[in-house]
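In what follows, a structure is listed as structure tokens, so that the remarks can point back to it.
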Ligand code: KDG
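In my numbering, the protein residues as written are 0 to 311.
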């Protein structure tokens, strides 16, 4: 079983049960979230081992995260419980002021997760792992978390990185400068149109391929939301269209795609198959509220691919 290690901040999400501005929302549903934690959940469900290097606070939300991730089967031995800072939380406002769009409101400044630092990165864990994963969010939350990612990527056998540019956490300039600095250490890059525009100044797939090819990136996974996704590897382009499904909550769909694809890719699946499964996992994710409430295993994905006929 391939061993993946991810670095990132797990958080508790409060997802509004009704649409509209949060000032008028009274009921929220509690979920475990955070891009790399979501990635790990999908990797584990699809047959890889995944450890998360992170910090949570010594509080009820930290306990929520630890219990949940332990239940999912994520290796939580490298998540430190920090007594001096709280677990981060965020709230999700849905369909307001733009219908079909969600907005996140973070309460994470100074959080335990942002105190992640290079000393949390266990040398032997990193060098024995098959792949190290992280995202732009971890680079953005603090300088010490950023240093932890750079340290881990430098020593890794192979790496995957989701650009995940969150402009609520840092400026476009800082995102560009920092992520481009990490590019020489990225083997599998996961990105989309919006992030490519910020990072490379282009958003069309062929142009993004051209820009990414200036770096040692071997595989590019280009997420296209409901339209599916495209992979570029060594001159080969593989495209898988998306599915029309009932949409409840799109947050976490990118992580479902990334976690499933990377997990299957390092297990040796053909690109076409790994990508079809990843697109299916992302399609299933958007049908539920919460980031980790539809993390399908391979059997469930196969059933979806075989039996789901939209519009019938
Ligand atoms: O991909 C979903 C994540 O964006 C969400 O869980 C929150 O990790 C998160 C973040 O920092 O935006």
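Note that CB positions come from ideal geometry on N, CA and C, so glycine has one too.
All values reported here derive from a predicted model rather than from experimental measurement.
Query: In the structure shown, what three-state DSSP assignment does residue 225 receive?; Result: helix
Query: For the beta strand (DSSP E) holding residue 29, just list the boundary residues, first then last.; Result: 27–32
Query: Is it the case that the segment 150–157 contacts the segment 103–122, given that we only count it when at least three CB pairs across the two stretches are under 8 Å?; Result: yes
Query: Buried or exposed: which applies to residue 38, given that a residue is buried once 16 or more other Cβ atoms fall within 10 Å of its Cβ?; Result: buried
Query: Comparing alpha-carbon positions, which option in 248, 188, 182, 273 lies nearest residue 300?; Result: 273
Query: Taking C-alpha atoms, which residue in 275, 0, 230, 268 lies nearest to residue 305?; Result: 275
Query: Tell me where the beta strand (DSSP E) around residue 47 begins and ends.; Result: Segment: none, residue 47 is in no beta strand (DSSP E) and carries neither H nor E.
Query: Can you name, in chain order, every residue of its own chain whose Cβ lies under 7 Å from the Cβ of residue 34, other than the five neighbours on each side?; Result: 7, 134, 136, 161, 163, 254
Query: Go ahead and pull the three-state DSSP assignment for residue 178.; Result: helix
Query: Starting from the C-beta of residue 40, find all residues in its chain whose C-beta is less than 6 Å away, skip the five residues before and the five after it, and write them out in chain order.; Result: 71, 291, 294
Query: Run the proximity test for residue 289: is its beta-carbon closer than 7 Å to any non-hydrogen atom belonging to ligand 1?; Result: no
Query: Is residue 34 a contact residue of ligand 1, with contact defined as CB to any heavy atom under 7 Å?; Result: yes
Query: Does any heavy atom of ligand 1 sit closer than 7 Å to the C-beta of residue 74?; Result: no
Query: Restricting to runs no shorter than 3 residues, where is the beta strand (DSSP E) found entirely within the segment 187–241?; Result: 187–191, 218–222, 227–232, 235–240
Query: Taking the beta carbon of residue 260 as the centre, do at least 16 other beta carbons fall within 10 Å, making it buried, or is it exposed?; Result: buried
Query: Going by the beta-carbon positions, is the gap between residue 352 and residue 57 smaller than 8 Å?; Result: Coverage of the chain is limited to positions 0 through 311, which leaves residue 352 absent and any answer about it impossible.
Query: Since residue 105 and residue 89 should fall inside the 8 Å C-beta cutoff, what is the C-beta to C-beta distance between them, to a whole number of angstroms?; Result: 5 Å
Query: According to DSSP, which residues form a beta bridge with residue 78?; Result: 53
Query: Would you kindly check if the distance between the Cβ of residue 262 and the Cβ of residue 42 is under 8 Å?; Result: yes
Query: By how many angstroms is the C-alpha of residue 24 removed from the C-alpha of residue 138?; Result: 32 Å
Query: Just to confirm, does residue 264 get its C-beta within under 7 Å of one of the non-hydrogen atoms of ligand 1?; Result: no
Query: What three-state label does DSSP hand residue 90 in the structure shown?; Result: strand
Query: Decide if residue 317 is buried, meaning its Cβ has at least 16 other Cβ atoms within 10 Å, or exposed.; Result: Nothing about residue 317 can be read from this structure; the chain reaches only from 0 to 311.
Query: Hey, out of 111, 186, 220, 195, whose CA is closest to residue 210's CA?; Result: 195
Query: In three-state terms, what does DSSP make of residue 2?; Result: strand
Query: I want to check one thing, is the minimum distance from the CB of residue 253 to the heavy atoms of ligand 1 below 7 Å?; Result: yes
Query: Between the Cα of residue 277 and the Cα atoms of 287, 173, 296, which residue gives the shortest distance?; Result: 296
Query: For residue 132, list the residues DSSP reports as bridge partners.; Result: 5, 159
Query: Tell me the rounded alpha-carbon separation between residue 247 and residue 191.; Result: 21 Å
Query: Residue 175 and residue 198 - do their beta-carbons sit closer together than 8 Å?; Result: yes
Query: Closer than 6 Å by C-beta to residue 94: which residues in its own chain qualify, once you throw out the five before and the five after it? Chain order, please.; Result: 18
Query: Thinking C-alpha only, which one of 20, 186, 232, 249 is nearest residue 223?; Result: 249
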